[in-house]
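Read through the structure below, which is laid out as structure tokens, and then see the notes.
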Amino acid sequence: MKPVYPDQDTTPWYRQFWPWFLIALPGTVVVVSFHLMYTAYKHSDDLVVDQYYKVGLAINQQLERKERARELELAAAFTITKQQVTARLDGQVSADTLELTFSHPMEADRDFSIPLQRVGAGVYHGILTAAVGERWHWILSDSSGGEWRLDGIVSAQDLLTEDS
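In terms of this note's numbering, the sequence shown opens at residue 1 and continues consecutively.
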């Protein structure tokens, strides 16, 4: 039997503060590391295109469609509210429907397209399926054959608020 000294601690190690404190420090680092890996994977930036060669080949087709819009002297102005978008087109447009694509500058999973129906001469109207803000990119094209294409960036002038 071991002798017991008056100044000796008799409680087991697992009931002491310091071992658990020293175990908690690296344990916290492990938990935070897994959380950061999950966040980085879930919210990764979409700035790099996976199939860059195919995208590069499509650029020539996009340039041809933009040139066709210049030949038709097309220009677009938008009025965007929370629920709807109205496009006013100047130029030679005779299509009954147009396709408007909104793309977020950094998150590709927030991109969406909506059809625009003609409601008057050069005026097209569509219902928004998601919120759009400043600096979103837009692409307007004819939905029939894709002969022309306009693109730009949503500005503060395009957005209407409840106060306006």
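Idealized CB from N, CA, C, for every residue including glycine.
For clarity, every value in this text was computed on a predicted model and none was experimentally measured.
Express the C-alpha separation of residue j and residue i in angstroms, rounding to a whole number.
i	j	result
Ala-24	Thr-11	20 angstroms
Ala-156	Ala-40	31 angstroms
Ala-95	Phe-34	53 angstroms
Arg-135	Leu-36	28 angstroms
Asp-158	Trp-20	59 angstroms
Ile-80	Phe-112	15 angstroms
Phe-17	Val-31	21 angstroms
Ile-114	Gln-61	22 angstroms
Ser-44	Asp-7	57 angstroms
With respect to the alpha helix (DSSP H) encompassing residue i, which residues constitute its N-terminal and C-terminal limits?
i	result
Val-132	First-last for Val-132: undefined, no H or E at that position.
I'd like to know whether the C-beta atoms of residue i and residue j end up nearer to each other than 9 angstroms.
i	j	result
Leu-63	Val-93	no
Gly-122	Gly-152	no
Ala-131	Lys-82	yes
Answer yes or no: the CB of residue i versus the heavy atoms of the ligand NAD, is any distance below 8 angstroms?
i	result
Ile-153	In the structure shown, the ligand NAD is absent, as is every other ligand, since no ligand is present at all.
Over what stretch of residues does the beta strand (DSSP E) that includes residue i continue unbroken?
i	result
Leu-159	Unbroken run through Leu-159: none, as it is neither H nor E.
Review point. Of all the beta strand (DSSP E) runs that stay within the bounds of the stretch 68 to 122, which reach a length of 3 or more residues?
Key: You should have 75 to 80, 84 to 90, 97 to 103, 112 to 120.
Exercise for review: Scan the stretch 2 to 58 and note each continuous alpha helix (DSSP H) run of 4 residues or more that stays entirely inside, going in chain order.
Suggested key: 17 to 42
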